[in-house]
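**Q**
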Amino acid sequence: MARMPIIAGNWKMNKSPAESVAFVRQLAPKLAAYGEVERVVAPTFLAMTAVASALQDSPVKVAAQDAHWQAEGAYTSQVSADMLQPYVEYVIIGHSERRAYLAESDESVNRKAKAILAADLQPIIAVGESLAQYEAGETVPFVRSQVIAALDGITTGDLARIVIAYEPIWAIGSGKSASGELADEIIRTALRDTIAELHGDGAAETVRIQYGGSVKPGNMEEFMSQPNIDGALVGGASLDADDFAALVEIAARVKGS
Ligand code: 13P
């Protein structure tokens with residue numbers, strides 16, 4: 532079974548609610564034609580309800596950039612998966628910026644993944660190694676350990692609802708992307724092979740895996756041509772409607788052919 536490509540724009544801490552709504556009104560018509568690609572935008576929490584409502588009649592889906600694992604309670608500043616449920620379909624968790632600056636751990640990513648699945652939402656779990664780990668040749672064992680920890684206790688059935696994003700930290704916002712072949716090789720060995728060991732070949736074939744890190748219209752085709760890459764998690768280029776639309780168009784063309 533072919534895996535449906537998924538292109539998600541992670542806006543990070545960008546765009547006010549007004550800017551977010553204006554942006555999706557401009558973006559949605561540009562993305563309307565590409566039904567063979569899942570198209571997702573991830574605004575800030577503050578803009579979430581407004582963006583969800585602006586996209587109500589659009590095929591473009593909304594993702595949150597995080598969710599707490601508890602449903603409610605004394606967790607100042609946090610938003611639960613249950614609270615997000617009416618507005619989003621996906622929740623990005625484990626992003627390296629959260630791991631680096633906000634004490635996100637493998638354990639919290641795992642708890643969040645379970646809470647998101649329980650809320651009937653789909654996690655996009657980000658993993659990836661640092662430059663030092665990459666240069667020391669530790670990429671595969673490290674990313675593999677992140678995947679094993681993130682998926683601890685998750686059933687094979689639920690795996691079909693999970694997207695994994697491989698984002699080498701050294702390629703994020705640096706303008707320095709991994710080559711398509713390198714990303715594909717790491718995704719195959721560190722991600723699909725690990726999932727095959729844990730959940731069998733069928734699950735490894737089914738799970739969707741994105742590449743992220745300086746994805747731009749100019750290098751998108753290289754990534755989308757790889758057999759193990761099912762889409763992209765995009766930062767900078769997702770803030771520009773024409774660039775994001777170009778990424779979706781390229782995914783539809785390359786993956787559809
Ligand atoms: P850039 O596309 O800006 O490198 O960011 C990638 C990213 O972190 C997406 O989550």
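With our numbering, the residue at position 163 of the sequence shown is 694, and numbering never jumps.
Virtual Cβ for every residue (Gly too), placed ideally from N, Cα, C.
All values reported here derive from a predicted model rather than from experimental measurement.
1. What did DSSP end up calling S611 once you bin it into helix, strand or coil?
2. Starting from P590, trace the alpha helix (DSSP H) both ways and give me its first and last residue.
3. If R719 sits next to N759, beta carbons under 8 Å apart, how far is it from one beta carbon to the other, in whole angstroms?
4. So I647 is in the alpha helix (DSSP H); what residue range does that whole segment cover?
5. Give the straight-line distance between the Cα atoms of Q616 and S547, rounded to the nearest whole angstrom.
6. For ligand 1, is there a heavy atom less than 7 Å away from the beta-carbon of S745?
7. Using only the heavy atoms of ligand 2, determine whether one of them is closer than 7 Å to the beta carbon of L764.
8. Looking only at C-alpha atoms, which of E569, V555 and N545 sits nearest to E797?
9. Would you say the beta carbon of E669 comes nearer than 7 Å to a heavy atom of ligand 1?
10. Cβ of N541 versus every heavy atom of ligand 1: is any distance shorter than 7 Å?
11. Does ligand 1 have even one heavy atom less than 7 Å from the beta-carbon of G767?
12. What are the boundary residues of the alpha helix (DSSP H) that Q596 is part of?
13. Check I656 in the structure and name its three-state DSSP category.
14. Whose CA, out of L652, T725, E736 and V582, lies closest to the CA of D683?
15. Give the DSSP-derived three-state secondary structure of Q741 in the structure shown.
16. Anyone know if the C-beta pair for T687 and A734 falls short of 8 Å?
17. How far does the beta strand (DSSP E) with I760 in it reach, from first residue to last?
18. Could you tell me the distance, in whole angstroms, from the CA atom of R739 to the CA atom of A594?
19. Can you determine whether any heavy atom of ligand 1 sits closer than 7 Å to the C-beta of E698, and answer yes or no?
20. Between L662 and V582, what straight-line distance do the alpha-carbon atoms span, to the nearest angstrom?
21. Tell me the DSSP secondary structure of N750 in three-state form.
22. Since P748 and A768 should fall inside the 8 Å C-beta cutoff, what is the C-beta to C-beta distance between them, to a whole number of angstroms?
23. Please check the pair N541 and I624, which I expect to be a contact at CB under 8 Å, by giving their CB distance rounded to whole angstroms.
24. Could you check the C-alpha separation between L729 and A680 for me, to the nearest Å?
25. Please name the residue or residues paired with I695 in a DSSP beta bridge.
**A** Short version:
1. strand
2. No alpha helix (DSSP H) contains P590, which DSSP labels as neither H nor E.
3. 5 Å
4. Residues D637 to A649.
5. 21 Å
6. yes
7. This structure simply doesn't include ligand 2; it includes ligand 1 instead.
8. For residue 797 there is no data in the structure shown, the boundaries of the chain being 532 and 788.
9. No; taking the cut-off as 7 Å, the Cβ of E669 has no heavy atom of ligand 1 nearer than that.
10. yes
11. Residue side-chain check: G767 places its Cβ nearer than 7 Å to a non-hydrogen atom of ligand 1.
12. Here Q596 belongs to no alpha helix (DSSP H), and DSSP marks it neither H nor E.
13. strand
14. T725
15. strand
16. Result yes, Cβ atoms of T687 and A734 sit closer than 8 Å.
17. Neither: I760 is in no beta strand (DSSP E) and is coded neither H nor E.
18. 16 Å
19. yes
20. 35 Å
21. helix
22. 7 Å
23. With 8 Å as the limit, N541 and I624 do not qualify as a contact, their Cβ atoms being about 12 Å apart.
24. 11 Å
25. I656 and I740
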